[in-house]
Each structure stands twice: as structure tokens, then as C-alpha cells.
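Protein chains: 2
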Amino acid sequence: MGSTTGPGTARTRDGRAGRPTLAVVGATGAVGGVILDLLSTRRNVYGEIRLVSSPGSAGRRLSVRGEPAEVVALAPEVFDGAAIAMFVVPDEVSAAWAPVAAARGAVVADDSNAFRMAPDVPLVVPEVNPDRVRDRPRGIVASPGCTTLAMIVALGALHRRYGLRELVVSSYQAASGAGQDGIDTLYAQMEKVGGDRALGNRAGDVRGAVGELGPFPAPLAMNVVPWAGSPAEGGWSSEELKIRDEVRKVLGAPDLRVSATCVRVPVVKAHSLSVHAVFRERVEQREAQAILAGSPGVVLCDNPELHEFPTPADVVGTDPTWAGRVRRSLDDPRALDLFLCGDNLRKGAALNTVQVAELIAAELTP
Amino acid sequence: MGSTTGPGTARTRDGRAGRPTLAVVGATGAVGGVILDLLSTRRNVYGEIRLVSSPGSAGRRLSVRGEPAEVVALAPEVFDGAAIAMFVVPDEVSAAWAPVAAARGAVVADDSNAFRMAPDVPLVVPEVNPDRVRDRPRGIVASPGCTTLAMIVALGALHRRYGLRELVVSSYQAASGAGQDGIDTLYAQMEKVGGDRALGNRAGDVRGAVGELGPFPAPLAMNVVPWAGSPAEGGWSSEELKIRDEVRKVLGAPDLRVSATCVRVPVVKAHSLSVHAVFRERVEQREAQAILAGSPGVVLCDNPELHEFPTPADVVGTDPTWAGRVRRSLDDPRALDLFLCGDNLRKGAALNTVQVAELIAAELTP
Ligand SMILES: NC(=O)c1ccc[n+]([C@@H]2O[C@H](COP(=O)([O-])OP(=O)(O)OC[C@H]3O[C@@H](n4cnc5c(N)ncnc54)[C@H](OP(=O)(O)O)[C@@H]3O)[C@@H](O)[C@H]2O)c1
Ligand SMILES: NC(=O)c1ccc[n+]([C@@H]2O[C@H](COP(=O)([O-])OP(=O)(O)OC[C@H]3O[C@@H](n4cnc5c(N)ncnc54)[C@H](OP(=O)(O)O)[C@@H]3O)[C@@H](O)[C@H]2O)c1
Chain A
1 MGSTTGPGTA RTRDGRAGRP TLAVVGATGA VGGVILDLLS TRRNVYGEIR
51 LVSSPGSAGR RLSVRGEPAE VVALAPEVFD GAAIAMFVVP DEVSAAWAPV
101 AAARGAVVAD DSNAFRMAPD VPLVVPEVNP DRVRDRPRGI VASPGCTTLA
151 MIVALGALHR RYGLRELVVS SYQAASGAGQ DGIDTLYAQM EKVGGDRALG
201 NRAGDVRGAV GELGPFPAPL AMNVVPWAGS PAEGGWSSEE LKIRDEVRKV
251 LGAPDLRVSA TCVRVPVVKA HSLSVHAVFR ERVEQREAQA ILAGSPGVVL
301 CDNPELHEFP TPADVVGTDP TWAGRVRRSL DDPRALDLFL CGDNLRKGAA
351 LNTVQVAELI AAELTP
Chain B
1 MGSTTGPGTA RTRDGRAGRP TLAVVGATGA VGGVILDLLS TRRNVYGEIR
51 LVSSPGSAGR RLSVRGEPAE VVALAPEVFD GAAIAMFVVP DEVSAAWAPV
101 AAARGAVVAD DSNAFRMAPD VPLVVPEVNP DRVRDRPRGI VASPGCTTLA
151 MIVALGALHR RYGLRELVVS SYQAASGAGQ DGIDTLYAQM EKVGGDRALG
201 NRAGDVRGAV GELGPFPAPL AMNVVPWAGS PAEGGWSSEE LKIRDEVRKV
251 LGAPDLRVSA TCVRVPVVKA HSLSVHAVFR ERVEQREAQA ILAGSPGVVL
301 CDNPELHEFP TPADVVGTDP TWAGRVRRSL DDPRALDLFL CGDNLRKGAA
351 LNTVQVAELI AAELTP
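Going down the list, the protein sequences come from chains A and B. Each residue of the first sequence is one higher than the one before, starting from 1 at the first, in UniProt numbering. Each residue of the second sequence is one higher than the one before, starting from 1 at the first, in UniProt numbering.
What follows is the structure, encoded as C-alpha cells:
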């Protein structure tokens, strides 16, 4: 240990022989809530835990590790003596405050998009590239976005064996990927259209009936929406290009060919992905299934004859990536098709951040 | 004209100089109902129209071309004097009765799966391979399934220009692809779970609340289900292999590489497809968009900045294939990604059958 560079080394931890102090910035948010759950149920590696939010939520009392804790407003001082800071806040808050935390000596585990593609910030998925966590010149470690995280653990395992060359991905993304506003909008739309048998038969019916579109560019209830993010070059969306960039960076495969199509579906939580992966080596269905079944963080659920395959309704609230429908292409012995599901608020956000912080804690604890 | 072979040539049409007599077998079904609508609104090319069903619906009075018509029970005699017979009935009914109709002199336009892959039965999509309709040694012409039909007109247009080599497809299939039972099941499930904010947050919640699964292997409301059809070799589903077989046959491309993943979504009508198509030649985004915009049967809807892309809710009840999200792959200048939507009961079933019958009628009418 002790090979870390830059700010955020062991000097600020909570007593030399003690456990590191942790700050959770964004503890009152959707991802923050899941983080508090995880901190309360996983192995306890921290000393003091400080819960931080905007001034608006300061003073709220939450519970972590079974004990009450009062939320404090974000300020430079909250990082004094903190060895690790998790950031689960909007991009612009991370952009402004993660460097402040790092300058005060905390190693930052950031869940936002602010630093993911920065060349001097590692993008870490503990099951795939844990060693990268040590090389953090700015004292900041980033986590990928929730769509990348829904597949990267499974892909990483297959990549180690077969060498990934190309990826064609179509997503079935949950409303909660667009935050609490997305969740609220989908429930409100479903309340309006659910069970109305007159709807869904003529163009415009659903559009006329769902009410507010919220963060989505079209009705989501009784519909699918092939757009997420903002417009980028060549007709691509920012979400689609993010997947390409993040997968390449995590796998250390800058030339990987990636075509992603992001589609929102009327599901509350858990993203699904239909993946066509082309490898350098010939793949075998049974072997690929065994690799997935044997990979930490992945559960194989692949008996379609018995109606066993992952669906969002069955995996929501669970930690792993669920893999099923594993098939070798009939026309290319080096290609695999598979279907993956994962909870976008757990491995897709809170869990990966917690795992990254645990890697850092292990390094800081003698 | 007059180059037809086998049974079902012009000898049985309704008077030498008159218009051909048509029998619609399955007129009381979901697809049958749309066929009656189309017959009532398109150019009138038929003489007599006979509506046929099982004995259970015989005697029902329906309306076609604005006139009442009584449904008769399926029997060999309903084909006497009929030049054309549309079959929109279950596979086994087509398998048993289409040869009877052909033997009595009617040319059969069959919508079922019974004859699609028979080597002596052409599989016809009028915008793509209209000439194949003439080569029908058994007097039977088949239509592809609804998932193939949701993409084949758009793909056919691009194939003519660029030469299709490989196809990776993920579907977003509507409940109505599983017939009236599928529609009823989805509405019933949505009535149970729509708007209930307690649901969708924990594994098993939705499964416990939706009630009957109907024709689906998992809950469909608030969920997506990566399975349609029956188990086939290597983990593939029958629906996925059908897409591969049908696209190859319609395009006359027996070596086309196809990987399809069929996923059911909680949409009542209209199938959507995310398509990654690799061509022999380099593609250009603008040119591909222009080809699609200029193809009969295709509407280009592709301005994501203005939130213009096809969604099931916007295309249901319309005839064309809607194409959007047209992008050239950033990593392969010969690959295009696009998103397609089409009403599975119109072009996906009734419309294609009606168009095939019109090709036959044009040939039979002097
Ligand atoms: N939702 C997902 O699927 C997902 C997946 C991966 C990554 N992420 C990322 O995770 C982060 C949080 O997402 P979320 O869904 O949890 O959002 P959220 O529910 O809106 O929560 C935002 C949190 O940030 C805090 N906050 C906002 N502005 C602040 C400020 N100026 N100073 C201090 N704290 C501030 C909020 O505190 P108050 O309570 O005081 O407002 C709240 O705790 C985002 O970067 C998001 O991109 C989300
Ligand atoms: N739904 C789709 O998206 C779709 C798409 C492409 C192709 N197709 C195909 O189209 C066909 C019809 O599908 P559908 O959804 O319209 O089914 P449906 O609603 O169940 O209708 C079936 C029709 O067949 C008739 N029929 C059933 N058994 C019969 C028998 N023994 N003799 C005579 N008629 C009989 C029924 O008459 P009664 O009223 O007397 O029962 C009814 O008119 C199927 O082959 C299906 O695979 C459907």
C-alpha cells in the first residue's frame, strides 16, 4: 500500500490506527439513500460518517449503520479530517466541489459525469479494473454511468477470456435513470392510462392521455422512447457516446468498436441491455455461461425452457448484474448475443461508488 | 401477365371481363378486422367478397366496402369460383385448408407461419420482391411474420443501394403480437399495477401484483420480457430464428448474417426494432436518410433535436414503416444504426396480405 499519489493519501484518516472518516455528499438523494442502506448492511470499514447535502436539506436526521445522523450543509470544512468522500450529486456540484474535497485531503469517489473522461481521473469498476484506483493524480476516482454499469462486469469477464473487439448494444432503460423526476413522471402517466382499454389503438391516443412528459421527450407509459440525453454528432445521443467512451476506458480498449442505441422503456427501476459482442477468439456457449456464472458480481439466469431469464421486475433491488439468453451467433463463431439486467440505482450508481470507496479504505487502513 | 403456374390461375375468376372473387378466411379475427377496414378504404379491385370463419362465428354480419356481409363457415365450397383467398387464421388451419383453396382454383395469400419457409412457396413483400408472387407452383403465396415486416421494407431499400451483409436486431415487440390474448393480458395487468407507487421498487413486487401472465412467460406490465416463441437450438427462440430465415428469403440473401434478440415490451400495438446493419459498401447518413424518405411504404422521422423519432404510440394504426435515429457507426463506415416502428396488425399482417392479394388481382384482371 502507500503507493498512492497526489492529495488524498492516508494523512487525514481518523486516527492513525483507526478507521477512515467518510463524507457522503448527496446523502439525501435517490442514490444517496441506497448508499446509506449499503453502508448499514456491508462490512463496517469506516470511522466517523458525515452526511452532507445542500443547505436546503441540512439539519435533516437520517439513519446510517443503525444510528441517527444529522445532515450538514456542503462547505469546505466538512472534508477536514475526512479520508474519503463519496459524491452522489449533480455533475456541476461534483465539478465544483470534488477538487475542494481532494485539496483538503479526502480521496473522492465520484458518481457523476463530471470527471469520467478526464485523462488524469481513473474510471473504476472494482470487478474489472480495481488496480486503476491507485493511480489518481487528482485524488478523484470516477464511476461509469448506469447504462455502462449494467453490462461492464459481465463484459469484463468475457473480455478477459475471449478479447472483445466489437459491441452492438440496444438498451431498455428504466425511468429512474432520469432521477426522481423520471420515476414520478412514469407513475403519474401510468395512473392516467393504466387499464384504459380505449388507449393504445390509434396514433396520438396515448400522447393525448398521459399528461406531463416530465424529463422524457415523448410519452413513456405504454410506449418506448428511442432517445436519452442530448444531441451529439452524426445523429448520436450523448448517452450513446458515453457508453462507447466509458466501456473503452474501463476495459482499456481504446479501439473497441461500439454502436449503442439508448431506448427508454416504461419500467421504474433496473436497466436491461441486449448485447451483441464480437470477440477475437471463437466463443462457446457453455463456456461463456460458465465464465459468467463464476464471475463475482454476476448471476447467470439462463434456462429459457423453464422461463428463466433476467427481467427488470425480478432483479430490481438486487446488487448483481444478471445475465441470460447467452447464445453464440449462428453465423459468426466469435460472436455472442446475451441479455443483461441490473438495478441502475445499486450497481448502476450507489454500489459501485461504495465498492470504489472500500478499495480506497482498504488501502488507507494499515 | 398470364405467366402463372399451377393451380389458382385466372380460370375461376368472377366472369371473364369481371373482377376477381375474393374469400377472406379468418374475417372475424384481429387481423381479419383490419383486412375488412383496408378492403373498405383501398381501391376496389374485387368482385364478390366472401367472409369466412370457423363454424362458431358463421352467421355473424360484418361490414365490408360499406355493405353488410354474412360470415360463412369454412368449407371446400367457399372457394368455388373464388380467384383469390386470403388466409388470416391459425397456422394449422392454413396448413390444412390453403391447399384445398388452391386445388379449387383460388390463389392463396397466406398470413400464417405454415408455408413461409416452404421452398415452393414464395415469401412476398410487395415493396421488396413483388416479382416473386408469380412463381407459385402450389398456388400459395406467403407473408412474413410481423417482426420481419416491421423492418423489411426499410432494409430492402437500403440493401438495394448498399448490399446488406449482416444484421444485428433487438426488438421491442407489442403485446398484440401474441394475439387478442396478449392484448387482454397487458390491459388487465396494467389495470392492476398502473399508478401504484409501491410497485416496481423491489424484486418480486410486480410479479406478485400483476395477476395472470396470459401468453407471456413473465409479467409484462412495468417490465420487459426477453423471450418470445418456443425454445430452439443453441438457446435461440423460434421467433429469433424466424426473423433470420424470413429476412434471408425475402431479400434473396441466403448467406446474410443475422443475430436477432426478441423482447416483449408493455406496448399494446406496434413493434419497434433497433437495427445495426452492416453493408458491403460504405454508407452515408444523409444518403441513407434520403433513400428511406424516398421509399414507398417508409416514412422518415429523424430529427432528434426536435424530438422527432418514431415511437409505437405515434405510429399505431398507420400503414408505413417509420424510420428514425439513422446514424453511421463511428467505428465502421459500412454500418448503419437505425430505429424502426410499424403497426404489427397493419403492415405486420393485414396490409401485407392485402397488398399481395392486389398483386395477384392485377395479374388476373385483363
Ligand atoms: N439515477 C441514476 O440511475 C444514477 C445512476 C448513476 C449515476 N447517477 C448520478 O448520481 C448523482 C446523484 O443522482 P440522484 O439520482 O441521486 O439525484 P437526486 O435524487 O436529485 O439527489 C441529488 C443529491 O445532491 C444533493 N445536492 C444537490 N445540489 C447540491 C448542492 N449545490 N450542494 C450540495 N448538495 C447538493 C441533494 O441534496 P438536497 O437534498 O439538499 O437537494 C441530493 O442529496 C448524479 O450525478 C447522477 O448523474 C445517477
Ligand atoms: N397478431 C399479429 O400481430 C399477427 C401478425 C402477423 C401474422 N399473424 C397471423 O395471422 C393469423 C391470424 O391471427 P389473428 O391475430 O387475427 O388471430 P385471431 O384474432 O385469433 O383470429 C383467428 C381467425 O381465424 C378463424 N379460425 C380459427 N380457427 C378456425 C377454423 N378451424 N376454421 C376457420 N376459421 C378459423 C377465427 O374464426 P372464429 O371467429 O370463428 O374463431 C378468426 O377469424 C395467424 O396465423 C397469425 O399468426 C398475426
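By construction, the Cβ of each residue, glycine as well, lies at the ideal position given by its N, Cα and C atoms. These numbers were taken from a predicted model, which means no experiment stands behind them.
One finds G195, R197 in chain A with Cβ atoms closer than 7 Å to the Cβ of Y187 of chain B, taken in chain order.
Membership of S238 of chain A in the alpha helix (DSSP H) is indicated by the continuous run 238-251.
In this structure, A118 of chain B has its beta carbon at no less than 7 Å from each heavy atom of ligand 2.
In this structure, V268 of chain B keeps its C-beta atom at 8 Å or more from the C-beta atom of A150 of chain B. Of all residues in the stretch 314-342 of chain A, the ones placed with a Cβ closer than 8 Å to any Cβ belonging to chain B are D314, V315, V316, G317, T318, G324, R325, V326, R327, R328, S329, L330, D331, D332, A335, D337, F339, in chain order. Interface criterion not met: the Cβ of M117 of chain A is under 8 Å from no Cβ in chain B.
For G156 of chain A, there is no enclosing beta strand (DSSP E); the enclosing alpha helix (DSSP H) has its first and last residue at 152-162.
A direct Cα-to-Cα measurement between A203 of chain A and A96 of chain A gives close to 45 Å. Residue-level contact by beta carbon holds for M222 of chain B and chain A, with a gap shorter than 8 Å. Interface criterion not met: the Cβ of P126 of chain A is under 8 Å from no Cβ in chain B. At least one CB of chain A lies nearer than 8 Å to the CB of E191 of chain B. Here the stretch 343-350 of chain B lies against the stretch 308-325 of chain B, with 3 or more beta-carbon pairs under 8 Å apart. At least 8 Å separates the beta-carbon of G194 of chain B from that of M86 of chain A.
Secondary-structure assignment with DSSP links D337 of chain A through a beta bridge to A:H276, A:R327.
When the beta-carbon positions are compared, A73 of chain B and S94 of chain B stay at least 8 Å from each other. The beta carbon of T148 of chain B sits closer than 8 Å to those of K242, I243, E246, V247, V250, all from its chain and outside the five residues before and after it, given in chain order.
Remark: the shortest separation between the CB of S63 of chain A and any heavy atom of ligand 1 does not fall under 7 Å. Pairwise C-beta distances place the stretch 262-277 of chain B in contact with the stretch 218-235 of chain B, as three or more of them are shorter than 8 Å. The beta carbon of R286 of chain A sits closer than 7 Å to no other beta carbon from its chain once the five residues preceding and following it are set aside. Annotation: T21 of chain B to V125 of chain B spans about 22 Å, alpha carbon to alpha carbon. Counting only Cβ-Cβ distances below 9 Å, A218 of chain B has contacts in chain A at H307, F309, T311, A313, D314, in chain order.
For Q180 of chain B, there are no C-beta contacts with chain A under 8 Å, since the nearest C-beta of that chain is about 12 Å from it. Residues of the stretch 231-253 of chain B with a Cβ closer than 9 Å to any Cβ of chain A, in chain order: P231, E233, G234, G235, W236, S237, E240, L241, R244. Counting only residues of its own chain and dropping the five nearest sequence neighbours on each side, A335 of chain B has a CB closer than 6 Å to the CB of V278, S329.
By the criterion of at least three beta-carbon pairs nearer than 8 Å, the stretch 299-313 of chain B is not in contact with the stretch 351-364 of chain B. For the stretch 262-288 of chain A, residues whose beta-carbon sits nearer than 8 Å to a beta-carbon of chain B comprise V263, V265, P266, V267, V268, K269, S272, S274, H276, Q285. S53 of chain B has its CB nearer than 7 Å to a heavy atom of ligand 2.
Contacts between S170 of chain A and chain B, judged by CB atoms closer than 7 Å, involve S170, S274 in chain order.
In the three-state reduction of the DSSP assignment, P219 of chain B falls in the coil class, being assigned neither a helical nor a strand state. For P304 of chain B, at least one C-beta of chain A is nearer than 8 Å to its own C-beta. By the criterion of a C-beta distance shorter than 7 Å, D80 of chain B is surrounded in its chain by R104, once the five residues flanking it on both sides are discounted.
When rounded, the separation of the alpha-carbon atoms in V108 of chain A and I49 of chain A is 14 Å. Under the Cβ distance rule, A157 of chain A does not count among the residues neighbouring chain B, no pair being separated by less than 8 Å. In this chain, the alpha helix (DSSP H) harbouring E92 of chain A covers 91-103. Distance check between A114 of chain A and each of A:V128, A:V88, A:R134 places A:V88 closest, using alpha-carbon atoms only.
Taking the Cβ of L345 of chain A as the reference point, at least one heavy atom of ligand 1 falls within a distance shorter than 7 Å.
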